[in-house]
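Protein chains in written order, with full-length UniProt numbering: chain A, 1 to 233; chain B, 1 to 233.
Quick reminder that beta carbons are idealized off the backbone N, C-alpha and C, glycines included.
Only a predicted model underlies this, so the values are computations on that prediction, with no experimental measurement involved.
Working notes for the structure below.
2 protein chains.
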Amino acid sequence: MTVTDTNSWTGIRTELLRRIHDRIWQPGERIPHEADLAEEFGCARTTVNRALRDLAESGLVVRKRRAGTRVALNPPQRATLTIPIIREEVEALGRKYRHSLLERDLRPLPPMLHGAFQVSLGADVLFLKTLHFADDRPYAFEERYINLEAAPTAREETFARISANEWLVHNAPYSHGDISLFALNADETLSRKLDTTPGTALFAIERITWAGGVPITHVRLIFAPGYRMRTEI
Amino acid sequence: MTVTDTNSWTGIRTELLRRIHDRIWQPGERIPHEADLAEEFGCARTTVNRALRDLAESGLVVRKRRAGTRVALNPPQRATLTIPIIREEVEALGRKYRHSLLERDLRPLPPMLHGAFQVSLGADVLFLKTLHFADDRPYAFEERYINLEAAPTAREETFARISANEWLVHNAPYSHGDISLFALNADETLSRKLDTTPGTALFAIERITWAGGVPITHVRLIFAPGYRMRTEI
DNA sequence: AAGTGGTCTAGACCACCAT
DNA sequence: TGGTGGTCTAGACCACTTC
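And the structure:
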């Protein structure tokens, strides 16, 4: 018997977790199948399934038809990262948000992006440079390319009031994207914008989104010094 | 009628996704409740629930009892990040992995960590410095503190063969952890270890794990220049 | 071929919370 | 307080994969 309610799937999950943490079920070991656990806990198999499915999603157990369920050997450290919507992130810190559009023009796609971001040959893309502020101090610098073939009405939008991010969410939702996180050294212009010194290590996020197979936008966000992206596991 | 099989929960999810992407259901708008959708698709409510729950987990819809289900206004960009087990990551790149233990000693916990990593007053922790290589080139530098009260047998382990990471997975599994990602400038010693020049921007991961309320380990991983952490959404 | 997880059903009761 | 999602049940069939 356990303290937790073993008739709810979360209660069962807690008990299963306990057995794994307490090494009652060792890594790599096969655990009883759903039907047996359902009988033990006095519940429907569906309920046990729900608990085990949840553990499988977090990577703690590995499930295979016919082969059964095993405690994972090397539980992968999966963490759910929330890519910030900057305005919300700043406001959640209790600081005042504003942004300033530094540049907006049509230009050909820079060659560097031709591989990952395929627009029609010779087509112009909309280029935006934005600086995001928290309490009037620079918070992040954004460089963005928007594929006008995917979002033609962007051509008429000034992005003075609404940020490109929010505009795109409502006008060109994506179905899929690639994200990468990395570090870079501030160059001369970047350091001026972010109010730091050249060479400072900065945290950056790069993201490409598509709708179906059509690229929508490529954005690079570079945060002011000291930024940390946090999450829990 | 749709092309996809609307009797499976994934088929229903696909159809719901289509309606959201095609703006049939606008952001912020309330969508039909489960019972109606079940009737429309000719399936059990449970099946619709499964599909909607999945969309809610990915943040595309927001569900509230009594208030119903709405298309998310600002779909948060959640991405599942897999914190690498370095050996596996290197080997997945088709390169040869090895690591070298640079330092191993007992010492008091540095004051900087007293807040986040609470061990008994005056207790020593095990400190490890490791350099990870890919094809004999430095790949990442690791600094780690292990709480001996949580993993007493670590005192006898040399960590010459097995890495601390893998040892801990099998000897002191965690229940919970905090992760943060950031950028830092290489200092003199770091740049020597990672075969780069001082000042270079480096990508770093810091992680603390606990078992219940007991801290197990604090680890900081600093990657060689050029490292990118990638994921998809 | 057979055992295991994956899913679906029809129905039921419950928890929450906006109204 | 009523409508909505959250969950549970008992049973069934199916899909996959190891044996």
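Pick out the complete beta strand (DSSP E) segments inside the region 130-164 of chain A, 3 residues or longer, and give them in chain order. The region 130-164 of chain A contains, as complete beta strand (DSSP E) runs of 3+ residues, the segments 137-147 (chain order).
Relative to the C-alpha of residue 221/A, which candidate in 230/A, 130/A, 136/A, 200/A has its C-alpha closest? For the purposes of this step, residue 221/A is identified with residue 221 of the first sequence, where counting begins at 1. Cα-wise, what sits closest to residue 221/A is 130/A.
Where residue 181/A falls, given that 16 or more other Cβ within 10 Å makes a residue buried: For the purposes of this step, residue 181/A is identified with residue 181 of the first sequence, where counting begins at 1. Answer is buried; the Cβ neighbour count reaches 16.
Measuring CA to CA, which of 204/B, 173/B, 106/B, 92/B is closest to residue 215/B? On the second sequence, residue 215/B is found 215 positions in, with the first residue counted as 1. 173/B is the residue among 204/B, 173/B, 106/B, 92/B whose C-alpha sits nearest the C-alpha of residue 215/B.
Could you pull the DSSP bridge partners for residue 229/B from this structure? Here residue 229/B refers to the residue found at position 229 of the second sequence. Answer by DSSP bridge pairing, in chain order: 181/A.
Which first and last residues belong to the alpha helix (DSSP H) in which residue 36/A is found? Numbered from 1 along the first sequence, position 36 holds the residue referred to as residue 36/A. In the DSSP assignment, residue 36/A falls within the unbroken alpha helix (DSSP H) covering 34-41.
Per the DSSP calculation, residue 195/A is bridged to which residue(s)? For this step, residue 195/A is matched to residue 195 along the first sequence. In the DSSP output, where bridge partners are listed per residue, residue 195/A has none listed.
Give me whichever residues DSSP pairs with residue 100/A in a beta bridge. Here the question's residue 100/A lines up with position 100 in the first sequence. Under DSSP, residue 100/A shares a beta bridge with 131/A.
Members of the UniProt domain "HTH gntR-type" (6-74) of chain B that neighbour chain A once the beta carbon cut-off is set at 7 Å: Against chain A - using a Cβ distance shorter than 7 Å - the residues of the UniProt domain "HTH gntR-type" (6-74) of chain B are 21, 27, 74.
Endpoints, beta strand (DSSP E) assigned at residue 86/A: Along the first sequence, read from residue 1 onward, the residue named residue 86/A stands at position 86. Counting along the chain, residue 86/A falls outside any beta strand (DSSP E), though it belongs to the alpha helix (DSSP H) covering 86-92.
Beta carbon proximity, residue 178/B to chain A, threshold 7 Å: In the second sequence, the residue the question calls residue 178/B occupies position 178. Chain A, which has a Cβ nearer than 7 Å to the Cβ of residue 178/B, makes this yes.
Whole-angstrom distance between residue 15/A and residue 2/A, CA atom to CA atom: By one-based count along the first sequence, residue 2/A stands at place 2. By one-based count along the first sequence, residue 15/A stands at place 15. With a pLDDT of only 39 at residue 2/A, under 50, the local geometry of the prediction cannot be trusted, and the value read off the model is given with reservation. Roughly 7 Å separates the two Cα atoms.
Determine contact between the region 71-82 of chain B and the region 18-33 of chain B, defined as no fewer than three beta-carbon pairs at a distance below 8 Å. Contact holds: three or more Cβ-Cβ distances are below 8 Å.
Tell me which residues share the same chain as residue 230/A and place their Cβ nearer than 7 Å to its Cβ, disregarding the 5 neighbours each side in the sequence. Translated into positions along the first sequence, residue 230/A becomes position 230. Nothing listed; no residue qualifies.
Residues that residue 85/A contacts on chain B, provided the C-beta gap is smaller than 9 Å: As a first step, residue 85/A is located in the first sequence; it is residue number 85 there, counting from the start. Listed along chain B are 74, 76, 77, each with a C-beta nearer than 9 Å to that of residue 85/A.
Nonlocal neighbours in the same chain, by C-beta distance under 8 Å from residue 60/B, ignoring five residues either side: If you number the second sequence from 1, residue 60/B lands on position 60. Cβ contact annotation for residue 60/B (same chain, cutoff 8 Å, sequence separation greater than five): 17, 20, 71, 72, 75, in chain order.
Note down, in chain order, all residues in the region 196-224 of chain A with a beta-carbon under 9 Å from any beta-carbon belonging to chain B. Listed by position along the chain: 199, 200, 201, 202, 203, 204, 206, 207, 209, 211, 212, 223.
Report the residue from 93/A, 31/A, 55/A, 98/A whose alpha carbon sits nearest the alpha carbon of residue 66/A. For the purposes of this step, residue 66/A is taken as residue 66 along the first sequence, with counting starting at 1. Per the Cα distances, 31/A.
Look at the alpha carbon of residue 227/B and the alpha carbon of residue 11/B, and state the distance between them as a whole number of angstroms. What you label residue 227/B is simply residue 227 of the second sequence in a count that begins at 1. What you label residue 11/B is simply residue 11 of the second sequence in a count that begins at 1. Computed Cα separation, rounded: 38 Å.
If contact means a Cβ-Cβ distance below 9 Å, which residues of the region 132-158 of chain B contact chain A? Contacts with chain A (Cβ-Cβ distance below 9 Å) from the region 132-158 of chain B involve no residue at all.
Since I believe residue 224/B is in contact with residue 185/A (beta carbons under 8 Å), could you give me their beta-carbon distance rounded to a whole number of angstroms? Reading the first sequence from its first residue, position 185 is the one you call residue 185/A. Reading the second sequence from its first residue, position 224 is the one you call residue 224/B. At roughly 15 Å, the Cβ-Cβ gap does not stay under 8 Å, so residue 185/A and residue 224/B are not in contact.
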